[in-house]
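Chemist: If you scroll down you'll find the structure; I have some questions about it.
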Amino acid sequence: MKKRHSIATRIFGLFVLLSLLSGGVVLSNSVSFQHLANRSQSLIDEQLPILVSAAKVAQIGGVITTDATNLALAKSEEALHRAQDSLTNSLPKLALLADSSAVSRRSTEFSLLLQRLSENIESIYRNTETKLKIQAIQRQRRQQLHWLQIDFVEEVTPLTTESQYNMNLLLEKLAQQQTLSEREFRALRLASNAQSQLLKLEADVNLVLDLLQRVSLFSDKNDILTAQSVIDETLLEVNRQILSLASLPSTVTIRQIAEQVDELTSGPGNAIAQSLEVLTLDKKNQLLLSENQAFIGNVRLIIKDAVSFAEQQNADTAEELGRVIENSGRQLNFTLIGIVILTLIVGGYLRNQVLNRLSHVLRSMRHLANGELQPPIAISGKDEVSSLANATNIFNEQAQQVRDNTRMLEEKNQQLTDEILQRKQAEQTLKDTQEELVQAAKLAVLGQLTSGIVHEFSQPLTAIRSNTYLVEQYIEKSRLPEAKEKLFRINQITDRATNLCQHLKSFARKTDDVTQPTHVVTVLKNALDLFSGTLPEHWVDIDVPDNLYVSANDIRLEQVFVNLLSNCIDAIASRQQTETFSPQINIRIGSTTTYQVIHISDNGCGMDASSHSQVFEPFFTTKDVGDGLGLGMSITHNIIQDFGGSITIQSKLGQGTEVILCLKPV
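The structure is reproduced here in structure tokens:
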């Protein structure tokens, strides 16, 4: 083994020497760096959470401050709950920091700050919720005062108008007669007094109502107190005016409205008290927000203290790291010098003992890679290079064998290619034969329908002969309208016979295998037309929607229907006829998740299990010799499979047969 791996042994000895020279240096560096790594990892484990906590406190503190302000300034229940939900998510995140190393030294203080912060936020929530309820009541009250003011104006305006009218009448009379009776003077004074009192009452009540509507919008306490003073003084005047107007029965409604205004300004829940309470709640919220700012600031100070401590530890570690790196650098320089010396020694050995010999082997291998076979390589020694040379010689021999084997495989491949070509030709011949059988089956069906087709043509010919005779008679008698009508009838009969000829021609011709959307009702009607002379209409019951399309070929699908209808007719004809027997062929549609299902059933003779198992085999038939080729069902089965569908048969002897076609929908 030593002789065989001498190159590796020598190189290994040189590296062992280098290891002995630099082992002490590496070991010393390893110990130093391990100690430093442990210290650094310890600092990372302790300080990274502190830095992360500081970032989280900055982020969460800003979010809490913003959300607390939004909570205090919420203008709706939705905004209030949205801010509360955000705070509910933020506070637990801040509370999670209580267990981190960032606040381990002041965890009790941190927890107390969080508790007071949560209590303040809860107080702000309750204050804002109360304020929103009061503001909702104030909005309703402003609406009530607005309508009350409108009612008051509608009531007082007719009274002032009436009073002015009475005064105008008395003054006109005074201007005309230059004198008034004592009673008229008294009425004039009363009207004038009532006029002035009503106008003063209208102004005072409007002033009170305006102030009551606006007081809830004031944001200054002094403004609210001033408004309250004005309202109280004005209400005293209103009460005196109400007393002076008490004698007038038309002022009952006005007095009632004035009493309602007085009720709205008195009591613990009046507009002034509610406005003052809203200001008080806002002031409390501002104080609580200020406290929250202080609490958040204290939390940040706790984190800042932990960060400062961590920074001091980082500075000490960095200083120690600098010393270790400096010592390691000197040791590394000595190690690099030893490595350079060893590299020069190894380089000389590799060049003289390995590379020159190896280059000779590589040239030979390069020629082999280009497909050029070489004579055996002569390399002395028993090391790895000689082993590689021997392997190259073996590969050269194997390459020659591969070349010989490749030539044999090419010959075999050509034989296989010829056989595949012959098989494809045989498959094409088989396909052509199958198409000929399909065409023969179609022609056989047409042959079986000959009697019905002859009947279809004999009837039109008879009708044409009869109508031609009548036309001659009408022309001789100069009855041209009747002759024209009979000629039109002859034309219709001729068109029907032409269409039948075209249908027979289309059905009999060869068709391509193109699959396309096919209208089932049209194809089924064309197939039934071929049996118009042999299949009574009352035998057939069709339940097929007019909009049904399937993926098929119209001519080949018509051949399927013709084959199946022909079998139905033969089955009914083969069943023992009784007086109560009524021939019936049912065609209906079903569906599955992937197919449109066409059911064609008859109440004919049916078939036994033996016939049922062979029904799709070519040239199998239950008919007499000469009545059928036995290809109908086999061809039908192949056509449906070409469409990507399936066909199944259910039959009971003496009861009938049902054929189920599954075709792809469009």
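One point on numbering: in this note's numbering, the residue at position 515 of the sequence shown is 519, and numbering is uninterrupted. Backbone N, C-alpha and C fix where the C-beta goes; we use that ideal spot for every residue, glycine too.
What distance in whole Å lies between the Cβ atoms of V212 and D239, which are believed to be in contact at a cut-off of 8 Å?
Modeler: Taking the first residue of the sequence shown as position 1, residue 239 is located at position 235. Taking the first residue of the sequence shown as position 1, residue 212 is located at position 208. Asp is not the amino acid found at residue 239; the sequence shown has Leu there. Between V212 and L239 the Cβ distance is about 6 Å, and since that is below 8 Å, they are a contact.
Chemist: Check this for me: beta carbons of G608 and A556, under 8 Å apart or not?
Modeler: As a position in the sequence shown, residue 608 is number 604, starting the count at 1. As a position in the sequence shown, residue 556 is number 552, starting the count at 1. Going by C-beta atoms, G608 is not nearer than 8 Å to A556.
Chemist: With DSSP as the reference, identify every bridge partner of D545, one or two as the case may be.
Modeler: For this step, residue 545 is matched to residue 541 along the sequence shown. DSSP output for D545 lists N590 as bridge partner(s).
Chemist: Does the pairing of the region 638-651 with the region 580-589 give three or more beta-carbon distances under 8 Å?
Modeler: No, because fewer than three Cβ pairs between the region 638-651 and the region 580-589 fall closer than 8 Å, the two stretches do not touch.
Chemist: Taking C572 as part of the alpha helix (DSSP H), name the residues at either end of that continuous run.
Modeler: Numbered from 1 along the sequence shown, position 568 holds the residue referred to as residue 572. It spans D558 to S578 - the alpha helix (DSSP H) in which C572 sits, taken as one unbroken run.
Chemist: Return the chain-ordered list of same chain residues with a C-beta closer than 7 Å to the C-beta of Q264, the five sequence neighbours on each side being excluded.
Modeler: On the sequence shown, position 260 is the one that residue 264 refers to. L152, listed in sequence order.
Chemist: Tell me, which residues are paired with T661 by DSSP?
Modeler: Position 657 of the sequence shown, counting from 1, holds the residue named residue 661. Answer is D606 and S655.
Chemist: On the three-pair Cβ rule with 8 Å, is the region 212-224 touching the region 141-151?
Modeler: As far as the Cβ criterion goes, the region 212-224 touches the region 141-151, which means the pair count is three or higher.
Chemist: Can you check which of these residues, T161, T625, V601 and S80, is closest to D612 by C-alpha distance?
Modeler: Sequence index remark: in the sequence shown, residue 612 carries index 608 (1-based). Measuring from the Cα of D612, the nearest candidate turns out to be T625.
Chemist: Tell me whether S223 sits in a helix, a strand or coil according to DSSP, three-state version.
Modeler: Taking the first residue of the sequence shown as position 1, residue 223 is located at position 219. If DSSP states are grouped into helix, strand and coil, S223 belongs with coil.
Chemist: Quick check: S220 and Q142, are their CB atoms within less than 8 Å of each other?
Modeler: For the purposes of this step, residue 220 is taken as residue 216 along the sequence shown, with counting starting at 1. For the purposes of this step, residue 142 is taken as residue 138 along the sequence shown, with counting starting at 1. Yes; because the gap between Cβ atoms is below 8 Å, this pair is in contact.
Chemist: Go ahead and label K287 buried or exposed: buried means 16 or more other beta carbons lie within 10 angstroms of its beta carbon, across all protein chains shown.
Modeler: Position 283 of the sequence shown, counted from the first residue, corresponds to residue 287. Burial call: exposed.
Chemist: When the cut-off is 8 Å and only beta carbons count, does T69 lie next to chain C?
Modeler: As a matter of chain content, chain C is missing from the structure shown, which is built from one protein chain.
Chemist: Taking V601 as the reference, give the member of N530, F620, Q588 and V524 with the closest Cα.
Modeler: The residue you call residue 601 lines up with position 597 of the sequence shown. The shortest C-alpha separation from V601 is found at V524.
Chemist: Going by C-alpha to C-alpha distance, which of E166, R145, T164 and H85 sits closest to E126?
Modeler: Reading the sequence shown from its first residue, position 122 is the one you call residue 126. Taking only the C-alpha atoms, the option nearest E126 is H85.
Chemist: What residue range does the beta strand (DSSP E) around Q645 cover?
Modeler: Here residue 645 is taken as the residue at index 641 of the sequence shown, counted from 1. Not the beta strand (DSSP E): Q645 falls in the alpha helix (DSSP H), residues G636 to D646.
Chemist: Determine contact between the region 543-555 and the region 588-597, defined as no fewer than three beta-carbon pairs at a distance below 8 Å.
Modeler: Taking 8 Å as the limit for Cβ pairs, the verdict is that the region 588-597 does touch the region 543-555.
Chemist: Tell me V674's beta-bridge partners as DSSP assigns them.
Modeler: Residue 674 lies beyond the range of the chain shown here (5 to 670); nothing can be said about it.
Chemist: Would L534 pass as a contact of G610 if the rule is Cβ separation under 8 Å?
Modeler: On the sequence shown, position 530 is the one that residue 534 refers to. On the sequence shown, position 606 is the one that residue 610 refers to. No, these two residues do not count as a Cβ contact at 8 Å.
Chemist: Mapping DSSP to helix, strand and coil, what is Q242?
Modeler: Taking the sequence shown and counting its residues from 1, the one referred to as residue 242 is at position 238. What sits at residue 242 in the sequence shown is Val, not Gln. DSSP places V242 in helix when its eight states are reduced to three.
Chemist: What separation, rounded to the nearest whole angstrom, lies between the Cα atoms of H459 and T538?
Modeler: Looking up residue 459 in the sequence shown gives position 455. Looking up residue 538 in the sequence shown gives position 534. Residue placement at H459 cannot be trusted, given a pLDDT of 49 that sits under 50; what the coordinates show is reported in the next sentence. Computed Cα separation, rounded: 9 Å.
Chemist: What are the residues that DSSP puts in a beta bridge with Q600?
Modeler: Start at 1 with the first residue of the sequence shown, and residue 600 comes out as number 596. Beta-bridge pairing links Q600 to S595 and L667.
Chemist: Inspect the beta-carbon positions of T131 and L293 and report whether they are closer than 8 Å.
Modeler: Your numbering for residue 131 matches position 127 in the sequence shown. Your numbering for residue 293 matches position 289 in the sequence shown. Checking the displayed sequence, the identity of residue 131 turns out to be Asn instead of Thr. It is not a contact, given that the beta carbons lie outside the stated cut-off.
Chemist: Whether or not the region 158-174 and the region 227-238 are in contact is what I'm after, with contact meaning three or more pairs of Cβ atoms, one per stretch, closer than 8 Å; do they touch?
Modeler: Counting Cβ pairs under 8 Å, fewer than three are found: no touch.
Chemist: Pick helix, strand or coil for S332, following the three-state DSSP scheme.
Modeler: Residue numbering aside, residue 332 sits at position 328 when the sequence shown is read from its first letter. Helix at S332.
Chemist: Rounded to the nearest angstrom, what separates V350 and V344 at their Cα positions?
Modeler: As a working mapping, residue 350 is identified with position 346 in the sequence shown. As a working mapping, residue 344 is identified with position 340 in the sequence shown. Going from the Cα of V350 to the Cα of V344 covers about 10 Å.
Chemist: Secondary structure at S80, three-state DSSP: helix, strand or coil?
Modeler: Within the sequence shown, numbered from 1, the residue matching residue 80 stands at position 76. Note: S80 maps to coil in three-state DSSP.
Chemist: Would you tell me roughly how many angstroms separate the C-alpha atoms of N302 and N274, rounded to the nearest one?
Modeler: Taking the first residue of the sequence shown as position 1, residue 302 is located at position 298. Taking the first residue of the sequence shown as position 1, residue 274 is located at position 270. Approximately 42 Å between the Cα atoms of the pair.
Chemist: State buried or exposed for L665, treating a residue as buried only when at least 16 other CB atoms are found within 10 Å of its CB.
Modeler: Within the sequence shown, the letter at position 661 stands for residue 665. Buried is the call here.
Chemist: Can you tell which of I643, T652, V67 and H603 has the C-alpha that lies nearest to the C-alpha of Q618?
Modeler: The residue you call residue 618 lines up with position 614 of the sequence shown. Checking every option, the nearest Cα to that of Q618 belongs to T652.
Chemist: Specify the secondary structure class of S650 as computed by DSSP and reduced to three states.
Modeler: Numbered from its first residue, the sequence shown carries residue 650 at position 646. Strand, per DSSP.
Chemist: Would you check if the distance between the CB atom of E82 and the CB atom of L136 is smaller than 8 Å?
Modeler: As a position in the sequence shown, residue 82 is number 78, starting the count at 1. As a position in the sequence shown, residue 136 is number 132, starting the count at 1. No, Cβ-Cβ distance for E82 and L136 is not below 8 Å.
Chemist: Which residue marks the beginning of the alpha helix (DSSP H) containing S615, and which one marks its end?
Modeler: Numbered from 1 along the sequence shown, position 611 holds the residue referred to as residue 615. Counting along the chain, the alpha helix (DSSP H) containing S615 begins and ends at A613 to S617.
Chemist: Using DSSP with H/G/I as helix, E/B as strand and the rest coil, what is L92?
Modeler: Taking the first residue of the sequence shown as position 1, residue 92 is located at position 88. Here residue 92 turns out to be Thr, not Leu, going by the sequence shown. Helix at T92.
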